[in-house]
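Participant:
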Amino acid sequence: MADVDITSQTMDGMGPHGTKVGLLRVLGPAHVWALGVGIVLVGEYMGWNFAVGKGGAYAALIACWFAGILYSCVAMIDSEVTSTVASAGGQYTQAKHIIGPLMAFNVGLYLVFAYTMLEAANAITAGYLFSVVAQMTGHAGELDQRPFIILVIMFLAWLNYRGVLATLTFNLVITAVAFLAIIVLFLSTSGILGGGIMDHAALFEGHELPYGWIGVLAAMHFGLWYYLGIEGTTQAAEEVRSPARALPFGTLAGIMTLLIAATLTWYVCSGVLPWEFLGDGVNGSVAPLFDTARLSGSNALVWLLGFGTLFATLASANGCINDASRAWFAMGRDKYLPGWFGAVHPRYRTPYRAIVFLVPIALIFALGAPLDQVITFSILSGLLGYTFMPLNIILFRRKWPLETIKRGYEHPFHPIPAITLLTLCGVTFFAVFLGYGTQLVAMIGFYIVVSLWFHFWRYRFVNRGAQFTMPWPKPRGY
Amino acid sequence: MDLWNWLEYGAWGLSALLGLHMLVDWLRTDSTYSEDVLTSSREGEIEALAEQHKAKEAQHG
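First to last, the sequence lines map onto chains A and B. Sequence positions in the first sequence follow this note's numbering and run 1 to 478. Sequence positions in the second sequence follow this note's numbering and run 479 to 539.
Written out as structure tokens, the structure is:
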């Protein structure tokens, strides 16, 4: 074994290279949890219910659990690799060290697009929520949502600019409130506390699988929505106090939280709302948990789930800004993009240029693009990223077997999780192709064009020697 | 004009202020520090940096 123990208190995979201003290592496992769960939880509050529309309530549950297996594999694989590649950029940095520059460039772009699009989608949703509250409080006429959309993006970008500790502590508080709101709703409507209002048997009768098994397959597309973004925990790798411990702990606690939240959400909503209404996320139930609270007849629950919806939306946008900027920053630092983006604020110790640069891009998509297209682009970029992960872990284990580098976490049953993840990604690509084939082809075309640009032009500027700084032994076979 | 109209104006104003704050701070930072310092961050640097700070604190203490 190499003389490197990245799980030790003093190393954690880091070594000196002469940095004058770097990112600040101040985060703990709770912040990692808040980053991962915060990005995702909005998917429980809205979006997942399109899966009900595709195949009925049972199809949504099957999709929820199959997607849960997919993301458990993602979380385990990510936890192992990132506990050794403890650097900003997450999967981009992993790809750089394990596969090669072209894969790294593509993965970096998947990350930035997935998170920036999701941030835009969250801002649009927040604007919509403000308009609903305005209507409910008697505002005459249509509320102009634009200032609220812009305010959400500007406020969260400002928070991210000023420091990572405050940003993710804010996320921790609002994510915890949003998660607890789901638990309270479950306890209040299931009959555990007070009278229950659920009637699954009556609501499901005759509608078990309205479109058969093809409906289940189609539901997989939106099944991702329950967990999309948990892989974002890896972006905190350079800012946690103990990457080898905090990252696996935060990520795995995060996926467990989401499996509970997703199942409870399905159970509560499908037991109260008819599937035709629940499955129509545009003209029917836009925010199913909130709609369930309204049907409960309790004003306290309506307020709690109203705040839960808003908090989940803000937490997601906040985490997305954090993650997109770290990926952009890491690519700039290695000169995959102009090195100017690799700057760190000397006082706030954040990648401030990357944060500010991505603000107008998020604003353009939030103000100028339709929500479903923005979400689809985000999901597709994420899915391409998940397809990379099994290849990544197989190569990682082959080049650096367990005895050569000490990991902070070793995922069990390798290569079963990698093969499972690859298979489920294939199924989901097919499901997405059924509904959004044109967008899928267009997006793959886009990534092919930018790959050609990187290969034939940009790669000459890359910091080829300086980009590999992990104290690893030579890979096996080299 | 009801409360929500005022909130719309407030949201526009606050957004502009936050954006302006970031821009001014960005320009001030870029003009105060050299590009060498600002872009000196390297992957795997932070442990050394934390130790440097601890050493300095110990000296001052």
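Backbone N, C-alpha and C define an ideal beta-carbon position, used for all residues, glycine too.
Buried or exposed for threonine 251(A), please, with buried defined as at least 16 other CB atoms from any protein chain shown within 10 angstroms of its CB.
Facilitator: Here residue 251(A) refers to the residue found at position 251 of the first sequence. With 16 or more Cβ atoms within 10 Å of its Cβ, threonine 251(A) is classed as buried.
Participant: Assign alanine 418(A) to one of two classes, buried (16 or more other C-beta atoms within 10 Å of its C-beta) or exposed (fewer than that).
Facilitator: Position 418 of the first sequence, counted from the start, is the residue given in the question as residue 418(A). It is buried - the Cβ of alanine 418(A) has at least 16 other Cβ atoms within 10 Å.
Participant: Could you tell me which chain B residues have their CB closer than 7 Å to the CB of glycine 342(A), listed as they occur along the chain?
Facilitator: Your numbering for residue 342(A) matches position 342 in the first sequence. Correct list: Thr517 and Ser519.
Participant: Could you spell out where the alpha helix (DSSP H) holding phenylalanine 222(A) opens and where it closes?
Facilitator: Position 222 of the first sequence, counted from the start, is the residue given in the question as residue 222(A). First-last of the alpha helix (DSSP H) with phenylalanine 222(A): 212-223.
Participant: By how many angstroms is the C-alpha of proline 401(A) removed from the C-alpha of alanine 2(A)?
Facilitator: Along the first sequence, one-based indexing puts residue 2(A) at 2. Along the first sequence, one-based indexing puts residue 401(A) at 401. The pLDDT assigned to alanine 2(A) is 44, lower than 50, so where the model puts this residue is not dependable, and the model offers no usable value.
Participant: Taking 6 Å as the limit between beta carbons, can you name the residues of its chain near alanine 312(A), skipping five residues before and five after?
Facilitator: By 1-based counting over the first sequence, the position of residue 312(A) is 312. Hits under 6 Å: Leu41, Val42, Tyr45 and Ala178.
Participant: Answer with buried or exposed for glutamate 80(A), where buried requires no fewer than 16 other C-beta atoms within 10 angstroms of its C-beta.
Facilitator: Residue numbering aside, residue 80(A) sits at position 80 when the first sequence is read from its first letter. Buried, since its Cβ has 16 or more Cβ neighbours within 10 Å.
Participant: Using a C-beta cutoff of 8 Å, does leucine 505(B) count as contacting chain A?
Facilitator: Reading the second sequence from its first residue, position 27 is the one you call residue 505(B). Chain A, which has no Cβ nearer than 8 Å to the Cβ of leucine 505(B), makes this no.
Participant: How big is the Cα-Cα spacing for valine 462(A) and tryptophan 213(A)?
Facilitator: Here residue 462(A) is taken as the residue at index 462 of the first sequence, counted from 1. Here residue 213(A) is taken as the residue at index 213 of the first sequence, counted from 1. Whole-angstrom Cα-Cα distance: 48 Å.
Participant: Using the three-state DSSP reduction, which class does valine 432(A) fall into: helix, strand or coil?
Facilitator: Against the first sequence, residue 432(A) aligns to sequence position 432. Three-state DSSP puts valine 432(A) in a helix.
Participant: For the candidate residues Ser87(A), Leu209(A), Ser270(A) and Ala317(A), whose alpha-carbon lies nearest to that of lysine 119(A)?
Facilitator: Taking the first sequence and counting its residues from 1, the one referred to as residue 119(A) is at position 119. Residue 119(A) is actually glutamate in this sequence, not lysine. The shortest Cα separation from glutamate 119(A) among Ser87(A), Leu209(A), Ser270(A) and Ala317(A) belongs to Ala317(A).
Participant: For valine 107(A), which of Gly206(A), Ala327(A) and Ala262(A) has the nearest alpha-carbon?
Facilitator: Counting from one through the first sequence, the residue named residue 107(A) turns up at place 107. Nearest option by C-alpha distance: Ala327(A).
Participant: Report the neighbours of histidine 200(A) on chain B: residues whose CB is nearer than 7 Å to its CB, in chain order.
Facilitator: Indexing the first sequence from 1 puts residue 200(A) at position 200. Within chain B, no residue comes near histidine 200(A); the closest Cβ sits about 39 Å away, beyond 7 Å.
Participant: State the CB to CB distance for the pair threonine 428(A) and leucine 391(A), rounded to an integer number of angstroms; the pair is presumed to be in contact (CB under 8 Å).
Facilitator: Along the first sequence, one-based indexing puts residue 428(A) at 428. Along the first sequence, one-based indexing puts residue 391(A) at 391. Contact doesn't hold; Cβ gap of about 16 Å is too wide.
Participant: With a threshold of 8 Å between beta carbons, is tryptophan 158(A) in contact with chain B?
Facilitator: The residue given as residue 158(A) occupies position 158 in the first sequence. Closer than 8 Å: yes.
Participant: Are the C-beta of serine 493(B) and some C-beta of chain A separated by less than 8 Å?
Facilitator: Position 15 of the second sequence, counted from the start, is the residue given in the question as residue 493(B). Yes, its Cβ sits closer than 8 Å to a Cβ of chain A.
Participant: Start and end of the alpha helix (DSSP H) containing lysine 54(A)?
Facilitator: Residue 54(A) sits at position 54 when you count from the first residue of the first sequence. Taken as a continuous stretch (DSSP letters only), the alpha helix (DSSP H) holding lysine 54(A) covers 50-55.
Participant: For tryptophan 207(A), which residues of its own chain have a beta-carbon under 6 Å away from its beta-carbon, when the five flanking residues on both sides are left out?
Facilitator: The residue labelled residue 207(A) in the question sits at position 207 within the first sequence. Reading the sequence as shown, one finds histidine at residue 207(A) and not tryptophan. Counting only Cβ-Cβ distances below 6 Å, and skipping sequence neighbours, we find Gly56 and Trp275.
Participant: With a Cβ-Cβ cutoff of 8 Å, do valine 21(A) and valine 356(A) count as a contact?
Facilitator: In the first sequence, the residue the question calls residue 21(A) occupies position 21. In the first sequence, the residue the question calls residue 356(A) occupies position 356. No. Outside cutoff.
Participant: Tell me, please, whether the CB atom of tryptophan 484(B) is closer than 8 Å to any CB atom in chain A?
Facilitator: Counted from its first residue, the second sequence places residue 484(B) at position 6. Chain A, which has no Cβ nearer than 8 Å to the Cβ of tryptophan 484(B), makes this no.
Participant: Give a yes or no on whether the minimum CB-CB distance between methionine 479(B) and chain A is below 8 Å.
Facilitator: The residue labelled residue 479(B) in the question sits at position 1 within the second sequence. By this cut-off, methionine 479(B) is not an interface position.
Participant: Would you tell me roughly how many angstroms separate the C-alpha atoms of threonine 263(A) and alanine 219(A), rounded to the nearest one?
Facilitator: Stepping through the first sequence from its first residue, residue 263(A) is reached at position 263. Stepping through the first sequence from its first residue, residue 219(A) is reached at position 219. So the two alpha carbons sit approximately 15 Å from each other.
Participant: Relative to the C-alpha of arginine 241(A), which candidate in Asp280(A), Ala86(A) and Leu380(A) has its C-alpha closest?
Facilitator: Counting from 1 along the first sequence, the entry for residue 241(A) is found at position 241. Closest by alpha carbon: Ala86(A).
Participant: Counting only C-beta atoms, is alanine 354(A) closer than 8 Å to chain B at any point?
Facilitator: Indexing the first sequence from 1 puts residue 354(A) at position 354. So, not an interface residue.
Participant: By how many angstroms is the C-alpha of leucine 363(A) removed from the C-alpha of glycine 491(B)?
Facilitator: In the second sequence, counting from the first residue as 1, residue 491(B) sits at position 13. In the first sequence, counting from the first residue as 1, residue 363(A) sits at position 363. Their backbone Cα atoms lie some 16 Å apart in a straight line.
Participant: Between the Cα of threonine 469(A) and those of Phe396(A), Lys54(A), Val282(A) and His97(A), spot the shortest distance and give me the residue it belongs to.
Facilitator: Along the first sequence, read from residue 1 onward, the residue named residue 469(A) stands at position 469. Considering only alpha carbons, the answer is His97(A).
Participant: Measuring CA to CA, which of Gln439(A), Ile393(A) and Leu289(A) is closest to leucine 185(A)?
Facilitator: The count along the first sequence starts at 1 and reaches residue 185(A) at position 185. Of the listed residues, the one whose Cα sits closest to leucine 185(A) is Leu289(A).
Participant: Just the Cα atoms here: how many angstroms apart are alanine 369(A) and alanine 123(A)?
Facilitator: In the first sequence, the residue the question calls residue 369(A) occupies position 369. In the first sequence, the residue the question calls residue 123(A) occupies position 123. Going by the C-alpha atoms only, they are around 12 Å apart.
Participant: Thinking just about the alpha-carbon of each residue, which of Gly28(A), Thr116(A) and Asp291(A) is nearest to the one in threonine 309(A)?
Facilitator: Taking the first sequence and counting its residues from 1, the one referred to as residue 309(A) is at position 309. The residue with the shortest Cα to Cα distance from threonine 309(A) is Asp291(A).
Participant: Take glycine 196(A) as the anchor and find which of Phe456(A), Cys269(A), Gly47(A) and Glu205(A) has the nearest alpha-carbon.
Facilitator: Working through the first sequence from its first residue, we reach residue 196(A) at position 196. Nearest of Phe456(A), Cys269(A), Gly47(A) and Glu205(A) to glycine 196(A), Cα basis: Cys269(A).
Participant: Under 8 Å between the Cβ atoms of leucine 224(A) and alanine 114(A)?
Facilitator: The sequence position of residue 224(A) within the first sequence is 224, counting from 1. The sequence position of residue 114(A) within the first sequence is 114, counting from 1. Not closer than 8 Å, so no.
Participant: From glycine 497(B) to leucine 358(A), what distance separates their C-alpha atoms?
Facilitator: Counting from 1 along the second sequence, the entry for residue 497(B) is found at position 19. Counting from 1 along the first sequence, the entry for residue 358(A) is found at position 358. Rounded to whole angstroms, glycine 497(B) to leucine 358(A) spans 13 Å at the Cα level.
Participant: Between tryptophan 48(A) and chain B, is the shortest Cβ-Cβ distance under 8 Å, so that the two count as touching?
Facilitator: Start at 1 with the first residue of the first sequence, and residue 48(A) comes out as number 48. No, no contact with chain B.
Participant: Out of curiosity, what's the CA-to-CA distance linking lysine 54(A) and glutamate 410(A)?
Facilitator: Position 54 of the first sequence holds residue 54(A). Position 410 of the first sequence holds residue 410(A). Between lysine 54(A) and glutamate 410(A), the C-alpha separation is close to 37 Å.
Participant: Using C-beta distances below 7 Å, list every residue in its chain close to glycine 539(B), excluding the 5 sequence neighbours before and after it, in chain order.
Facilitator: Numbered from 1 along the second sequence, position 61 holds the residue referred to as residue 539(B). Low confidence applies here, because glycine 539(B) scores a pLDDT of 46, under 50, leaving its location unreliable; read the following figure in that light. Closer than 7 Å at Cβ, skipping near neighbours: no residue.
Participant: Counting only runs that start and end within the stretch 301-369 of chain A, where is the alpha helix (DSSP H) found for 4 or more residues in a row?
Facilitator: The stretch 301-369 of chain A contains these whole alpha helix (DSSP H) runs: 352-368.
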